[in-house]
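As structure tokens, the structure follows; a few thoughts come after it.
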Amino acid sequence: MLNARERYFDKVIKTGYFRSRILRAAVKEGLNKKTSLFTFAYLKLPQKLVRSALDSSKWKIDFDVAPQGGPLIMANEIFESGSVSRANTANIHVVVMGLGGGFISGYLHHHFPQMRITAVDISPTVVSMAKKWFSMETDNRYDIVVEDGVQYFRRCVEQGQRFDAILLDACSLDFEADFTCPVKVFLTEETISNMATLLGQRGVLTINFLARLKTLKDEVLNTFHKYFKYEKPTALGKSPNYPLFSSTEG
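Going letter by letter, the sequence shown gives residues 1 to 250 in the UniProt record's numbering.
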């Protein structure tokens, strides 16, 4: 469970000439007392701005708005890789490791309701936050598992399960850790091997990747290369955050 203080706020931001959107954000105080933007999403404006509808804490998340930056790249890569077709998602199973506010999984579920999505997070607190503040609603195609992610992958391998895509977005609030994203426990050879097994011959893995040192990043990439045939690190503007895309079939 995350050991951090958290705050929520709604903020008006400009998105273009004479246009504004309302942004909901969750800010957490990490283990070293530094604060960080934990997650954010845009809100759906009420149809009529009457007095009874002015309390923005009751407004829902607008999943028609695409996630920004790394989350958008991660969501799109499962299709760009060729592993998943936008036209036929009925038999597709995607695992999102690290729930946050649930925006990546919620965005995919909103636009591809036939896709089966499993979001996994170790923290019941994070799940409660996503339900209360970020419009997370599950159904028979979208479920949440509260479990240690490494154990979840191990259990799924033992059960012989297979996934079409894994989005690894489990990050740490310890900003002095070697790896902020993903949490270092996901970078052991056992877990990398388990993810490759779960994805079979055509699955795709996308990773929100942030390491303090390039040497650490290169060391981890060498382990991924043992199990995945293809990788495409992509610099996200000036951000040090590098989503890594790997597939078992290049």
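Beta carbons: idealized from backbone N, C-alpha and C, even for Gly.
Cβ neighbours of residue i in the same chain (closer than 6 Å, five flanking residues each side left out)
| i | result |
| --- | --- |
| Gly250 | With a pLDDT of 49 at Gly250, under the threshold of 50, the predicted position of this residue should be treated as unreliable, though the coordinate-derived value follows. Same-chain partners within the cutoff: Lys229, Tyr230. |
| residue 254 | Residue 254 cannot be examined here, being either before or after the span of the chain that is shown, 1 to 250. |
| Arg116 | His93, Arg141 |
| Ser172 | Thr180, Val183 |
| Lys60 | Lys44, Ser135 |
| residue 257 | With the chain covering 1 to 250 only, the question about residue 257 has no answer from this structure. |
| Asp148 | Ile122 |
| Val150 | Val185, Thr191 |
| Phe18 | A caution first: Phe18 carries a pLDDT of 37, below 50, which makes its placement in the model too unreliable to give a value. |
| Gln114 | Thr89, Ala90 |
| Thr39 | Ala26, Gly100, Gly101 |
| Gly200 | Arg162 |
| Val220 | Leu187 |
| Tyr227 | Ile192, Ser193, Ala196 |
Close-in-space but distant-in-sequence residues of the same chain around residue i (CB under 8 Å, 5 per side omitted)
| i | result |
| --- | --- |
| Asp178 | Lys184, Ala211, Arg212, Leu213, Leu216 |
Residue range of the unbroken beta strand (DSSP E) whose run includes residue i
| i | result |
| --- | --- |
| Phe186 | Note, Phe186: premise wrong, no beta strand (DSSP E); not H, not E. |
| Leu205 | 204–207 |
| Ala165 | 165–168 |
Supposed contact pair residue j and residue i - C-beta distance, whole angstroms, cut 8 Å
| i | j | result |
| --- | --- | --- |
| Leu108 | Phe163 | Between Phe163 and Leu108 the Cβ distance is about 13 Å, and since that is not below 8 Å, they are no contact. |
| Thr89 | Phe112 | 5 Å |
| residue 294 | Ala170 | Because residue 294 is not part of the residues shown, which for the chain are 1 to 250, the question remains open. |
| Gln77 | Thr206 | A small correction: the amino acid at residue 77 is Glu; Gln does not occupy that position in the sequence shown. Right, their Cβ atoms sit about 5 Å apart. |
| Ala26 | Met129 | 6 Å |
| Phe153 | Asn194 | 4 Å |
| residue 254 | Val126 | Residue 254 is absent from the structure shown; the chain starts at 1 and stops at 250. |
| Val95 | Pro124 | Actually they are not in contact, since the Cβ atoms of Val95 and Pro124 sit about 19 Å apart, beyond 8 Å. |
Same chain, Cβ closer than 7 Å to residue i, five either side skipped, listed in chain order
| i | result |
| --- | --- |
| Phe63 | Gly106, Tyr107, His110 |
| Ala53 | Pro46 |
| Cys156 | Leu198 |
| Ser85 | none |
The ligand MG heavy atom lying under 7 Å from the CB of residue i
| i | result |
| --- | --- |
| Ile92 | Judged by which ligands are present, the structure shown has none, so any question about the ligand MG falls away. |
- Query: Enumerated in chain order, which unbroken segments of the beta strand (DSSP E) with a length of 3 residues or greater are wholly contained in the segment 32–66?
  - Reply: 35–42
- Task: Determine contact between the segment 65–82 and the segment 102–109, defined as no fewer than three beta-carbon pairs at a distance below 8 Å.
- Result: yes
- Item | Complete runs of the beta strand (DSSP E) confined to the segment 103–159 [at least 3 residues] | DSSP runs (the beta strand (DSSP E)) wholly in the segment 103–159: 116–121, 142–146.
- Scan the segment 69–98 and note each continuous alpha helix (DSSP H) run of 4 residues or more that stays entirely inside, going in chain order. 70–80
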